[in-house]
Amino acid sequence: MQAVRRPTLSEARLESVLETAPDGIIVMDEGSRLLIFNKACEQLFGYEAGEVLGENVAMLMPQEHHDNHDLYVQRYRATGERKIIGIGREVEGRRKDGSIFPLDLSVGEALTPNGRQFIGVIRDLSARRETERRLAAVQADLIRMTRVSALDEMGSALAHELNQPLTAIMLYLQALEREVQRLQSAETQLEPRAVELLGKATREAQRAGSIISRVRQLVEKRAPERKRSDLNTVVDEALELAMLGRRRSIILERHGPEVLPVVFVDPVQVQQVVLNLARNAVEACQDADRPTLTIKTWFESDSVCFSVGDNGPGIAAEQMRTLFSAFRSENGNGMGIGLTISRAIVQNHKGELLVDPGGNGHGARFTVRLPIAAEERVANRDSAAAMPMAAAAEPDKT
Amino acid sequence: MTVHIVEDDDGVRDALSELCKSVGRKVRLYPDGEAFGAGTDVSPTDVVLVDLGLPGEHGTEVIRRINALPIPPRVIVISGLPLADIHFAMRDFANVAVMRKPLTSELLSLLM
Chain A
0 MQAVRRPTLS EARLESVLET APDGIIVMDE GSRLLIFNKA CEQLFGYEAG EVLGENVAML
60 MPQEHHDNHD LYVQRYRATG ERKIIGIGRE VEGRRKDGSI FPLDLSVGEA LTPNGRQFIG
120 VIRDLSARRE TERRLAAVQA DLIRMTRVSA LDEMGSALAH ELNQPLTAIM LYLQALEREV
180 QRLQSAETQL EPRAVELLGK ATREAQRAGS IISRVRQLVE KRAPERKRSD LNTVVDEALE
240 LAMLGRRRSI ILERHGPEVL PVVFVDPVQV QQVVLNLARN AVEACQDADR PTLTIKTWFE
300 SDSVCFSVGD NGPGIAAEQM RTLFSAFRSE NGNGMGIGLT ISRAIVQNHK GELLVDPGGN
360 GHGARFTVRL PIAAEERVAN RDSAAAMPMA AAAEPDKT
Chain B
0 MTVHIVEDDD GVRDALSELC KSVGRKVRLY PDGEAFGAGT DVSPTDVVLV DLGLPGEHGT
60 EVIRRINALP IPPRVIVISG LPLADIHFAM RDFANVAVMR KPLTSELLSL LM
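Put into structure tokens, the structure is as follows:
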């Protein structure tokens, strides 16, 4: 009977809304029976509307909620206490194939001539979750690398700083030993106890020296894992991370050609450099009128370059002297360590990290140059070396 | 033969000087490359000890100037930098002896 009746205007409107809505829309009655299941829902859950209409809504939920859903509805009817209606929350849905996916559910309530009905609007969260998961993984990677590099850098900086006085001590002791030899050959009587103590002091100084050498070997051993990389991608991914969680909006100006020659670098390490420079730049321009970061990538005869500039006050002359010293840094904001790490990474790649301190109304700009020619030769040689082996393995397979 | 010592660390510079004196060498001390200057008062038979990590002008600049002298004296580089940094800094100076800090008695034999 109802099927032959021409739809009223509002029915037609509702039909069109349900058809075109990008979000899943369901309507159920007080008994949790599904009355409406729109097109988007069909795609989300993998059911045809015909398969689910009249069924209990619990079939769209994972097993653990399945059994409780009727209780939730009953409790609401008894107490009127709203746990989800008008609030919305993240819940899980179950597709026809049994797979579970995260969704954002908003629930509304309507009092109709046919009794109380509930309207649910469903948004699929699996894509967003996947992006969040991937970003978190990349960030965790970078944080770990930064920590490892910071430790490396602390280790080698500490070894270096201790090395100076130790070098002096060992040289003094050597000089003293020469003195003692001279005195003894002149047959001057020297207290044997003094000679013994001098020998002990020398041994201990040498022991300290060998400990420092070991620490150094440990921190110098780690070689970067290089890959053929596109600097634009490397830079953009790092920038995305650098801008995460910035409450104040920062203007990002990005310049550079779309295509750059391939560089043979450790992408995670280079991202650390970008991240460090970008964070310093954000820090530097936070008091500026319209805080702006200018990031450029370009290509010169034998290198691919990027620069990170800001519109902050620039770097003061007295700060420039100790800019790259991990332990002597007077600014105390950790910039020294970050820059020391960055420079170490760039130098490991046989590149250069240059500073334009700016000032007089200009912000600072850091430029990194990464050579292409030599690294590409290595890559070519490696692939050429790998080929005869592959060819040699071929007859064995057949 | 005079030993010229270009080293910014006071302790290391003084200790090097004491060691050189203990083997009977005359010494001249410079806290940085600028103080060493053009090296015109260095005689070809002298030895120059240069630290790489100097404040201001880098140690390699000092070596470059010495190598430009008509008859360059012997140069020994002393450095506490990581090996990779030393290799990088010394890429243009293949024939210069490099000694890493802490220095062993090897230095003494080079000076005698």
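As given, the protein sequences belong to chains A and B, one line each in that order.
Numbering-wise, numbering that gives the first Met the number 0 puts 35 at position 36 of the first sequence, and it's gapless, one number per residue.
Numbering-wise, numbering that gives the first Met the number 0 puts 49 at position 50 of the second sequence, and it's gapless, one number per residue.
Positions of the beta carbon are idealized from the N, C-alpha and C atoms, including for glycine.
It should be emphasised that the depicted structure is a prediction, and the values quoted were computed from it without experimental measurement.
Between the Cα of residue i and those of the options, spot the shortest distance and give me the residue it belongs to.
| i | options | result |
| --- | --- | --- |
| residue 178/A | 50/B, 19/B, 82/B | 19/B |
| residue 45/B | 4/B, 94/B, 93/B | 4/B |
| residue 32/A | 315/A, 57/A, 102/A, 18/A | 57/A |
| residue 321/A | 309/A, 311/A, 337/A, 310/A | 337/A |
| residue 40/B | 15/B, 14/B, 0/B, 52/B | 0/B |
| residue 212/A | 158/A, 241/A, 230/A, 224/A | 158/A |
| residue 61/A | 116/A, 100/A, 256/A | 100/A |
| residue 261/A | 283/A, 234/A, 230/A | 230/A |
| residue 278/A | 263/A, 228/A, 307/A, 289/A | 307/A |
| residue 272/A | 250/A, 240/A, 289/A | 240/A |
| residue 88/A | 96/A, 107/A, 163/A | 107/A |
| residue 343/A | 302/A, 268/A, 359/A, 7/A | 268/A |
| residue 47/A | 79/A, 15/A, 94/A, 63/A | 94/A |
| residue 109/B | 7/B, 24/B, 13/B, 6/B | 24/B |
| residue 242/A | 294/A, 300/A, 255/A, 210/A | 294/A |
| residue 233/A | 205/A, 354/A, 264/A, 194/A | 264/A |
| residue 56/B | 105/B, 85/B, 36/B, 98/B | 36/B |
| residue 166/A | 4/A, 203/A, 353/A, 138/A | 203/A |
| residue 59/B | 95/B, 28/B, 105/B | 95/B |
| residue 274/A | 138/A, 25/A, 104/A | 138/A |
Using DSSP's beta-bridge definition, name the partner residues of residue i.
| i | result |
| --- | --- |
| residue 226/A | 264/A |
| residue 116/A | 28/A, 109/A |
| residue 89/A | 103/A |
| residue 29/B | 5/B |
| residue 295/A | 254/A, 306/A |
| residue 122/A | 103/A |
| residue 368/A | 304/A, 351/A |
| residue 361/A | 358/A |
| residue 48/B | 4/B, 75/B |
| residue 55/A | 32/A |
| residue 444/A | This structure gives no information on residue 444/A, because the portion of chain A shown stretches from 0 to 397. |
| residue 84/A | 106/A |
With a cut-off of 8 Å on the beta carbons, I'd call residue i and residue j a contact; round off their distance for me.
| i | j | result |
| --- | --- | --- |
| residue 304/A | residue 368/A | 5 Å |
| residue 76/B | residue 51/B | 6 Å |
| residue 43/A | residue 121/A | 6 Å |
| residue 235/A | residue 280/A | Actually they do not touch by this definition, with Cβ atoms about 16 Å apart. |
| residue 32/B | residue 61/B | 4 Å |
| residue 398/A | residue 107/B | A question about residue 398/A goes unanswered here, because the residues of chain A that appear run from 0 up to 397. |
| residue 15/B | residue 170/A | 6 Å |
| residue 276/A | residue 251/A | Rounded, the Cβ-Cβ distance is 13 Å, inconsistent with contact. |
| residue 115/A | residue 29/A | 5 Å |
| residue 270/A | residue 141/A | 6 Å |
Where does residue i land, buried or exposed, given buried means 16+ other C-beta within 10 angstroms?
| i | result |
| --- | --- |
| residue 237/A | buried |
| residue 65/B | buried |
| residue 136/A | exposed |
| residue 176/A | buried |
| residue 259/A | buried |
| residue 180/A | exposed |
| residue 328/A | The predicted position of residue 328/A is uncertain, since its pLDDT is 37 and thus under 50; no value can be drawn from it. |
| residue 123/A | buried |
| residue 168/A | buried |
| residue 9/B | exposed |
| residue 315/A | exposed |
| residue 348/A | buried |
| residue 87/B | exposed |
| residue 296/A | buried |
| residue 364/A | buried |
| residue 341/A | buried |
| residue 100/B | buried |
| residue 11/A | exposed |
| residue 196/A | exposed |
| residue 131/A | exposed |
| residue 332/A | Reliability fails at residue 332/A, whose pLDDT of 44 lies under 50, so the model's placement of it is uncertain and the value that follows must be treated cautiously. Exposed, since its Cβ has fewer than 16 Cβ neighbours within 10 Å. |
| residue 163/A | buried |
| residue 9/A | exposed |
| residue 299/A | exposed |
| residue 68/B | exposed |
| residue 21/B | buried |
| residue 6/B | buried |
| residue 326/A | In this prediction, residue 326/A scores a pLDDT of 44, lower than 50, which makes its location untrustworthy; the coordinate-derived value is nonetheless stated afterwards. It counts as exposed. |
Problem set entry | Length-filtered (4 minimum) alpha helix (DSSP H) runs lying within the segment 55 to 103 of chain B | Runs found: 58 to 66, 82 to 88.
Problem set entry | Every unbroken alpha helix (DSSP H) inside the segment 159 to 224 of chain A [4 residues or more] | DSSP assignment within the segment 159 to 224 of chain A yields the following whole alpha helix (DSSP H) runs of 4 residues or more, N-terminal first: 191 to 220.
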